[in-house]
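J.: Take -17 as the starting number for the sequence shown in the numbering used here and just add one per residue.
Ideal Cβ placement from N, Cα and C applies to all residues, glycine included.
Predicted model only: the values in this text are computed from it and were never measured.
Dumping the structure here so I can ask a few things about it.
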Amino acid sequence: MPSWFASLLNPLLQILSTLGVPEESGPIVALILLYLFVTLLIISLLFLIWRVSRRGRAEAVRQPEPKQDGTAAVSAEDESPVTPVPVVQPVAVGSLHSGLRKTAASLIGRLEGVFGGRHTLRSEQLEELEEILITADFGMATTQTLVAALEKRFAGTDAESSAIYQVLQEEICLLLQAANPPSVTQLVTPEVIMVVGVNGVGKTTTIGKLASRFVREGQKVLLAAGDTFRAAAAEQLSVWAERSGAGIVRHDDGGDPAAVAFDAVQAAVARKVDLLIVDTAGRLHTKTNLMEELKKVQRVLDRAVPGAPHRTLLVVDATTGQNALVQARLFNEAVGVDGIVLTKLDGTARGGIAVAIAAELKIPVCFVGVGEGVEDLRPFNAEVFAEALFSADEAA
Ligand SMILES: Nc1nc2c(ncn2[C@@H]2O[C@H](COP(=O)(O)OP(=O)(O)OP(=O)(O)O)[C@@H](O)[C@H]2O)c(=O)[nH]1
Ligand SMILES: [Mg+2]
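Here's what the structure looks like:
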């Protein structure tokens, strides 16, 4: 028996014998007592760690309630200068395969029909490739770039289909990378993101998913219910705020979206929020007056926090095909778009639109929506996306 253990056991044995425990049962009773004591100690320690970590998380999301009239609760002592701290942390690259399942299955199936096995690349096949890419919404200009790259590399030579796909994948990746966002953004707090797009593309749902992602990463997030036009739009955002643990600033339906933005950005500064995400009403990209309304919201945000909105994200629905490209072009001209969120990729076999937007407009795709659930938002990554386009079997 080690000496330290004996010195622990002996006093215990003495206590037990004074308590009337027979001498022969003393050691076993002492061992049982020691065992119970150590188990209790471990359980208490684990409980303590759990309490401390829970308190830390609660502090991270705790925010003052908005006032009864729906405006932000901003108190004088709350107000603080905007201090530079690291903004939104980089997010882990999730799988894009599930969202590209339909696109990949269709693309691979049709490409195999043309290039299956070993082939000498001729003009008939290049024409068929062109049709396949256009059908998958790569757009005319991008399709021509890709076909030209293949022609240059393989024309007249004998090539395995796998080599052809590999080159296509590399070329697509290059086009996507040409519009990749810079890895470091402005180091300000609050960082303000404004979300715009036409009706029903998934703006509010995307904001909910983003809020949930950033809250989980430890960010303090506030949402602004800037869609005062559609009845129940603020209610929809409130549900997402509650679900994600973010705060919300909302006014009554029919109010001025710029007023909501103003109150929200004030509240974001006062509450020392890391990230403010502003929802806006869906609007047609062709309506100039509605675009002016967005510009007003941008001006109000900028006045409160110079430089805000730091990012204007355009949400486009992948199932709308080439119309998404037109929306991206017009929204970009009107309000300046820093990044695209491509939603409903799960519902289409035409995921090539991501490549068309990145290649033709040089606007980076930042996230893709692959379903209606809170987890169904994937950070965009050019290599993973290009690889997923050609891996139908791995789609999960
Ligand atoms: N399958 C799928 N559905 C989505 C995705 N993103 C959003 N949706 C659905 O699209 C519908 C519209 O979403 P909203 O978030 O309300 O769209 P919105 O752009 O805010 O709409 P308005 O505010 O009316 O302009 C909802 O039923 C969402 O669940 C996605 O990535 N995949
Ligand atoms: Mg909405």
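(1) Please go through the same chain and pick out, in chain order, the residues whose beta-carbon is closer than 8 Å to the beta-carbon of L266, but skip the five residues on each side of it.
(2) Indicate whether I154 and L132 have their beta-carbon atoms separated by less than 8 Å.
(3) Let me check understanding here. Comparing Cα to Cα, which of E152, E365, A207 lies closest to A241?
(4) Where does the unbroken alpha helix (DSSP H) through F349 begin, and where does it stop?
(5) On the CB-based measure, 16 or more other CB atoms within 10 Å of its CB, does S(-11) come out buried or exposed?
(6) Suppose the cutoff is 6 Å on Cβ atoms and the five residues either side in sequence are ignored; what does the same chain contact list for F97 look like?
(7) On the criterion of 16 or more Cβ atoms from any shown chain inside 10 Å, does V20 qualify as buried, or is it exposed?
(8) Taking all protein chains shown into account, do 16 or more other C-beta atoms lie within 10 angstroms of the C-beta of G81, making it buried, or fewer, making it exposed?
(9) Please indicate yes or no: does the CB of T302 lie closer than 7 Å to some heavy atom of ligand 1?
(10) Check whether the stretch 227 to 235 touches the stretch 192 to 203, counting contact only when three or more Cβ pairs, one atom from each stretch, lie closer than 8 Å.
(11) Can you have a look at R293 and say buried or exposed, based on whether 16 or more other CB atoms are within 10 angstroms of its CB?
(12) Take F362 and list the residues in its own chain whose beta-carbon comes closer than 7 Å to its own, dropping the five residues that flank it on each side.
(13) Taking just the CA atoms, how far does R281 sit from L343?
(14) How is T102 classed by DSSP in three states: helix, strand or coil?
(15) Less than 7 Å separating the Cβ of T187 from some heavy atom of ligand 1?
(16) Mapping the DSSP letters down to three states, classify I(-3) as helix, strand or coil.
(17) Enumerate in chain order the residues of its own chain whose CB-to-CB distance from K278 is below 6 Å, with the five nearest sequence positions on each side excluded.
(18) Against chain C, does V11 count as a neighbour if the rule is that its beta carbon must be under 8 Å from one of theirs?
(19) Mind the definition here: the stretch 315 to 329 touches the stretch 204 to 220 only if three or more C-beta pairs lie below 8 Å; say whether that holds.
(20) Give me the residue from T139, L28, V297 with the minimum Cα distance to L324.
(21) Could you please give the first and the last residue of the uninterrupted beta strand (DSSP E) stretch that includes T85?
(22) Using 7 Å as the cut-off, classify the Cβ of A215 as near or not near the heavy atoms of ligand 2, replying yes or no.
(23) Taking the beta carbon of A213 as the centre, do at least 16 other beta carbons fall within 10 Å, making it buried, or is it exposed?
(24) For T127, I'd like the list of residues in its chain whose CB is within less than 8 Å of its CB, leaving aside the five on either flank, ordered along the chain.
(25) Do R212 and ligand 1 come close, with the Cβ less than 7 Å from some heavy atom?
(26) Once you ignore the five residues that flank S26 on each side, which residues in its own chain have a CB closer than 7 Å to its CB?
(27) Quick one: Cα of R332 to Cα of K84, how far?
(28) Within this structure, are the beta carbons of D299 and A290 separated by less than 8 Å?
(29) In angstroms with no decimal places, state the Cα-to-Cα distance between G95 and L327.
(30) Which residues in the same chain have their Cβ closer than 6 Å to the Cβ of A216, if we skip the five residues on either side of it in sequence?
(31) Looking only at DSSP bridge pairs, what is M176 linked to?
(32) Please say whether A263 and F211 have beta carbons closer to each other than 8 Å?
(33) Taking just the CA atoms, how far does A252 sit from L(-6)?
(34) Does V260 pass the burial test, meaning 16 or more other C-beta atoms within 10 Å, or should it be called exposed?
(35) For M176 versus L283, is the C-beta spacing smaller than 8 Å?
(36) Go to A340, then tell me how far its alpha helix (DSSP H) extends in each direction, as first and last residue.
T.: The short version:
(1) Stepping through the sequence shown from its first residue, residue 266 is reached at position 284. For L266, same chain residues with a beta-carbon under 8 Å away, outside a window of 5 residues either side, are V180, N181, L272 in chain order.
(2) Indexing the sequence shown from 1 puts residue 154 at position 172. Indexing the sequence shown from 1 puts residue 132 at position 150. No, the Cβ-Cβ distance between I154 and L132 is not below 8 Å.
(3) As a first step, residue 241 is located in the sequence shown; it is residue number 259 there, counting from the start. When each option's Cα is compared against that of A241, the closest is A207.
(4) As a first step, residue 349 is located in the sequence shown; it is residue number 367 there, counting from the start. Where F349 is concerned, there is no enclosing alpha helix (DSSP H), although the beta strand (DSSP E) it sits in stretches over 347 to 351.
(5) The count along the sequence shown starts at 1 and reaches residue -11 at position 7. So S(-11) ends up on the exposed side.
(6) For the purposes of this step, residue 97 is taken as residue 115 along the sequence shown, with counting starting at 1. Within the same chain, F97 has close Cβ partners S143, I146.
(7) Here residue 20 corresponds to residue number 38 of the sequence shown, with the count starting at 1. Per the 10 Å Cβ criterion, exposed.
(8) Numbered from 1 along the sequence shown, position 99 holds the residue referred to as residue 81. Burial call: buried.
(9) What you label residue 302 is simply residue 320 of the sequence shown in a count that begins at 1. For ligand 1, not one heavy atom lies less than 7 Å from the Cβ of T302.
(10) yes
(11) Reading the sequence shown from its first residue, position 311 is the one you call residue 293. R293 comes out buried.
(12) Here residue 362 refers to the residue found at position 380 when the sequence shown is read from its first residue. Answer for F362: V347, C348, F349, V350, listed in chain order.
(13) On the sequence shown, residue 343 is found 361 positions in, with the first residue counted as 1. On the sequence shown, residue 281 is found 299 positions in, with the first residue counted as 1. Computed Cα separation, rounded: 24 Å.
(14) Indexing the sequence shown from 1 puts residue 102 at position 120. It is a strand residue.
(15) For this step, residue 187 is matched to residue 205 along the sequence shown. Answer for T187: yes, Cβ within range of ligand 1.
(16) Start at 1 with the first residue of the sequence shown, and residue -3 comes out as number 15. In this structure, I(-3) counts as helix in the three-state DSSP scheme.
(17) Taking the first residue of the sequence shown as 1, we reach residue 278 at position 296. Excluding sequence neighbours, K278 sits near A240.
(18) Among the chains of the structure shown, chain C does not appear; only one protein chain is present.
(19) no
(20) Numbered from its first residue, the sequence shown carries residue 324 at position 342. For L324, the nearest C-alpha among the options comes from V297.
(21) Translated into the one-based positions of the sequence shown, residue 85 becomes position 103. Taken as a continuous stretch (DSSP letters only), T85 belongs to no beta strand (DSSP E), being part of the alpha helix (DSSP H) at 83 to 97.
(22) The residue labelled residue 215 in the question sits at position 233 within the sequence shown. It does: the Cβ of A215 is within 7 Å (strictly closer) of some heavy atom of ligand 2.
(23) Within the sequence shown, residue 213 is the residue found at index 231, counting from 1. Burial call: exposed.
(24) The sequence position of residue 127 within the sequence shown is 145, counting from 1. Closer than 8 Å at Cβ, skipping near neighbours: E153, L157, A341.
(25) Reading the sequence shown from its first residue, position 230 is the one you call residue 212. Yes, since a heavy atom of ligand 1 falls inside the 7 Å radius drawn around the Cβ of R212.
(26) Within the sequence shown, the letter at position 44 stands for residue 26. Excluding sequence neighbours, S26 sits near nothing in its chain.
(27) The residue given as residue 332 occupies position 350 in the sequence shown. The residue given as residue 84 occupies position 102 in the sequence shown. Distance between the alpha carbons of R332 and K84 is about 8 Å.
(28) As a position in the sequence shown, residue 299 is number 317, starting the count at 1. As a position in the sequence shown, residue 290 is number 308, starting the count at 1. Cβ distance not < 8 Å, so D299 and A290 don't count as in contact.
(29) Within the sequence shown, the letter at position 113 stands for residue 95. Within the sequence shown, the letter at position 345 stands for residue 327. Those two C-alpha atoms are separated by around 24 Å.
(30) For this step, residue 216 is matched to residue 234 along the sequence shown. Within the same chain, A216 has close Cβ partners A207, R232.
(31) To locate residue 176, count along the sequence shown from 1; it is residue 194. DSSP lists V260, T294 as partners of M176.
(32) Residue mapping note: residue 211 aligns to position 229 of the sequence shown, counting from 1. Residue mapping note: residue 263 aligns to position 281 of the sequence shown, counting from 1. Contact: yes.
(33) Residue numbering aside, residue -6 sits at position 12 when the sequence shown is read from its first letter. Residue numbering aside, residue 252 sits at position 270 when the sequence shown is read from its first letter. Straight-line Cα distance between these residues: approximately 59 Å.
(34) As a first step, residue 260 must be located in the sequence shown, where it is residue number 278. So V260 ends up on the buried side.
(35) Sequence index remark: in the sequence shown, residue 176 carries index 194 (1-based). Sequence index remark: in the sequence shown, residue 283 carries index 301 (1-based). Yes, the Cβ-Cβ distance between M176 and L283 is below 8 Å.
(36) The sequence position of residue 340 within the sequence shown is 358, counting from 1. If you look at A340, you'll find it in the alpha helix (DSSP H) that goes 335 to 343.
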